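A.B. asks: I'd like to ask some things about the structure below.
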Amino acid sequence: MSWPVDALTAGRRVRTAFKEWAAICRALASGRQDVILRKGGITEPGGAFRPEYREFLLMPTFLHQSAESLVPQARELLVGIDDARPAEGSVVFTHSAEVVEVHRITDRSGLDPFRDRHVWAEQVVDERFHRWKDELHLLEVAVHCLPSPVTLPWRESYGGCRSWVELEQSVDLTGALPVKDQG
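1444 is the number of the first residue of the sequence shown in my numbering; add one for each residue after it.
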């Protein structure tokens, strides 16, 4: 059966955004990365990450990322990253992600099969895994490019060290296309 290009996203709207380093958002947007590793931000409810949403927008953040945090062959993702910052008082969304599979990893070796599916440096993965408690959530995701960037006003409620942000308005996903073949 043949589906129209936007059949999978037609009429779907999303109000949740996931905060991630801008360089990682670039890796996800380019198809170089298709997993997200998360321990949780310091202001997460209960102090831990919860994979609560199946679909969300990727919200690039610009704090805490550094070249040393990425594998050497991915450090070019930081080139021009500051030029990609949205205008003061706004946030720009270009991609959404849909969770395909969730893994709660409690043994460090459980992350090994995913090594080639992300661009984080090993020391970052180790630090995140061992911080507070030996575990990480790994989300396998299918990333979609929105037909055009969506700019929304920045709200103070979007700030802080947490993973999930509930937006004041929803974003239409109609026409969003996968960044890589999901077959």
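Each residue gets a CB set at the ideal place from its N, CA and C atoms; glycine is no exception.
Computed from a predicted model, the values in this text were never measured in an experiment.
Could you work out which residue in Lys1462, Ala1510, Val1622, Glu1544 is closest to Glu1565 when comparing CA atoms only?
C.D. replies: Nearest of Lys1462, Ala1510, Val1622, Glu1544 to Glu1565, Cα basis: Ala1510.
A.B. asks: Pull up the distance between the alpha-carbon of Arg1518 and that of Leu1589, whole angstroms please.
C.D. replies: The straight-line gap from Cα to Cα measures roughly 25 Å.
A.B. asks: Determine the closest residue to Gln1612 out of Phe1536, Phe1557, Arg1493, Arg1475, with distance taken between C-alpha atoms.
C.D. replies: Among Phe1536, Phe1557, Arg1493, Arg1475, the Cα nearest to that of Gln1612 belongs to Phe1536.
A.B. asks: So, do the segment 1612-1624 and the segment 1455-1475 have three or more beta carbon pairs nearer to each other than 8 Å?
C.D. replies: Yes, the segment 1612-1624 touches the segment 1455-1475.
A.B. asks: Helix, strand or coil for Cys1468? Go by DSSP, reduced to three states.
C.D. replies: In this structure, Cys1468 counts as helix in the three-state DSSP scheme.
A.B. asks: Please state whether DSSP places Asp1525 in a helix, a strand or coil.
C.D. replies: Correct three-state label for Asp1525: helix.
A.B. asks: Give the DSSP-derived three-state secondary structure of Pro1494 in the structure shown.
C.D. replies: Correct three-state label for Pro1494: coil.
A.B. asks: Would you mind stating whether Val1614 and His1580 have Cβ atoms separated by less than 8 Å?
C.D. replies: Cβ distance not < 8 Å, so Val1614 and His1580 don't count as in contact.
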